[in-house]
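Residue numbers (our numbering): 1329 to 1853. Idealized CB from N, CA, C, for every residue including glycine.
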């Protein structure tokens, strides 16, 4: 007698994700408004592609240069306030893009700090930040601290024995870099560079606010304009497919770069680097720290100017936007964690129980592919599906947490998957011999190990969704306002004092959530 077995929840989740993406693109491609050919958008597409690739490449190179130099300076130097610098780097890493836009305006805008300082010294002309200057400043401001933080963590994990041998053999600074620092950088750089390029290539809020016109648009902005202004769903489908192909290729390289055997390490906190006393490096590190401070500190501190203006924004608008943002962020985080848990469980089962590493690799790779999916195109396609089968007035409330949750799945997956593999390797055979499966296995074996990383992933997913200014740009209005949308409205009305206060609230909440995530992820099980 044949018995039917229900598919694994992870298989159902993978099928649902692929169906959502495919359904969204099919809805766009088959919309009855007409589908243009590639030739009809050729010149426009060429300009958009050229700008997207050039600005993403420049942003990546500048972010890597400043971030790596800053990481090397921090790993070699110990000075008062170093802990504050590290905390500032972590804060900048979680700063929402719309807040970074405000920071650029506040410091480098026509009425910003730099313009006022130059005017004080008699500089007659103003400063224009629109186009490449503003976009590059914002991207480097957000990404260079990320590079520095990740690289610094990698450099801090060089084994103690290596430093003792380098000291014993009298390594020069050049030999230290070649034999100790460079292997770490070489291992980390491909993945970091690919991720930064991908984020800058898909940049939306920064390019929308600082691009300065249609000639300075990324594919993401072009998709948004085709949706919001022209309602040309056919052009959206073409642009989305092109972006998906480019980003998916980069995602494959990114996944390959990050998939490497783990390296054992010991803590080297008590071992001094042999190149720390070199005078030339002292000067170089001092210059790098000064440049980083002059570039990052004003942009980061500009948010604090909103503190005196908090009283001006207190009211029902702020409260409603805050509550809406928290509800959407919590729903998105719940979606991200549930999907990540199901996919990680399926990957674990395929890898360790069924011994199918290739199928397990598919489940590992699927979360990363979500980074390549254009969110506006997916949202438009799903909106068309909702319009056919449901109430379009509730589309925003459904799609906002769903799309933000899908975008956060790759990050939540990184918290959950390693712990599931570890607990299966330790206790899986014992559980199988005792017949512990299903919910009992999850409750007895997995949950004690998963609760902290799952909570960490939930907090980080909330932080990412809380400050996101993407899909809300399509659905935001009088009936649906989040804090990032409120900030965008204030910037558009040139009410910079109120915008600074709203930005401060967003940063404080996002930083608190990210701090909780960090504490939980490093806590003992």
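- If you draw a straight line from the Cα of residue 1733 to the Cα of residue 1763, it is about 34 Å long.
- In the DSSP annotation of this structure, residue 1531 is not part of any alpha helix (DSSP H), being labelled neither H nor E.
- Annotation: residue 1383 to residue 1407 spans about 35 Å, alpha carbon to alpha carbon.
- If you draw a straight line from the Cα of residue 1771 to the Cα of residue 1430, it is about 46 Å long.
- In the three-state DSSP reduction, residue 1336 falls in the coil class, being neither helix nor strand.
- Taking the C-beta atoms as reference points, residue 1811 is found no nearer than 8 Å to residue 1645.
- Measuring C-alpha to C-alpha distances from residue 1380 to each of 1497, 1534, 1416 identifies 1534 as the nearest.
- Between the alpha carbons of residue 1828 and residue 1471 lies a gap of roughly 21 Å.
- Between residue 1552 and residue 1704, the C-beta spacing is below 8 Å.
- Comparing C-alpha distances from residue 1825 to each of 1478, 1357, 1394, 1433 shows the shortest one belongs to 1433.
- Note on geometry: alpha-carbon atoms of residue 1403 and residue 1492 lie some 16 Å from one another.
- At a Cβ-Cβ threshold of 8 Å, residue 1509 and residue 1480 do not count as neighbours.
- Secondary structure in the stretch 1657-1712: the alpha helix (DSSP H) runs of 4 residues or longer, each lying completely within the stretch, are 1685-1697 in chain order.
- Around the beta-carbon of residue 1388, 16 or more other beta-carbon atoms lie within 10 Å, marking it buried.
- Secondary structure of residue 1423 (DSSP, three-state): coil.
- For residue 1741, the enclosing alpha helix (DSSP H) stretches over residues 1723-1761.
- Counting C-beta atoms within 10 angstroms of its own C-beta, residue 1753 has fewer than 16 neighbours from the protein chains shown and is therefore classed as exposed.
- For the 8 Å CB-CB criterion, residue 1629 and residue 1782 do not form a contact.
- Contact annotation: the stretch 1633-1641 does not touch the stretch 1422-1429, with fewer than three C-beta pairs closer than 8 Å.
- Here the C-alpha atom of residue 1710 lies approximately 7 Å from the C-alpha atom of residue 1351.
- Under the three-state reduction of DSSP output, residue 1546 falls in the coil class, being neither helix nor strand.
- Between residue 1394 and residue 1463 the beta-carbon gap is near 16 Å, outside 8 Å, which marks them as no contact.
- Per the Cβ contact rule, the stretch 1563-1581 is in contact with the stretch 1689-1706 (3 or more Cβ pairs under 8 Å).
- Counting along the chain, no alpha helix (DSSP H) covers residue 1409, and no H or E run does either.
- At a Cβ-Cβ threshold of 8 Å, residue 1838 and residue 1424 count as neighbours.
- With respect to residue 1712, residue 1359 sits close: the two C-beta atoms are nearer than 8 Å.
- In this structure, residue 1664 lies away from residue 1787, with their beta-carbon atoms at least 8 Å apart.
- The shortest C-alpha to C-alpha distance from residue 1457 to any of 1440, 1502, 1473 is the one to 1440.
- In the DSSP assignment, residue 1489 falls within the unbroken alpha helix (DSSP H) covering 1488-1496.
- DSSP places residue 1826 within a helical segment (H, G or I) once states are collapsed to three.
- For a cut-off of 8 Å, the C-beta gap from residue 1578 to residue 1643 is around 44 Å, too long to register as a contact.
- Look at residue 1390 here: in three-state DSSP terms it is helix.
- The beta carbons of residue 1671 and residue 1755 sit no closer together than 8 Å.
- The alpha-carbon separation between residue 1625 and residue 1632 amounts to approximately 11 Å.
- Between residue 1564 and residue 1576, the CB-CB gap reaches or exceeds 8 Å.
- Considered as a whole, the stretch 1595-1637 harbours 1607-1630 as its complete alpha helix (DSSP H) runs of no fewer than 4 residues, in chain order.
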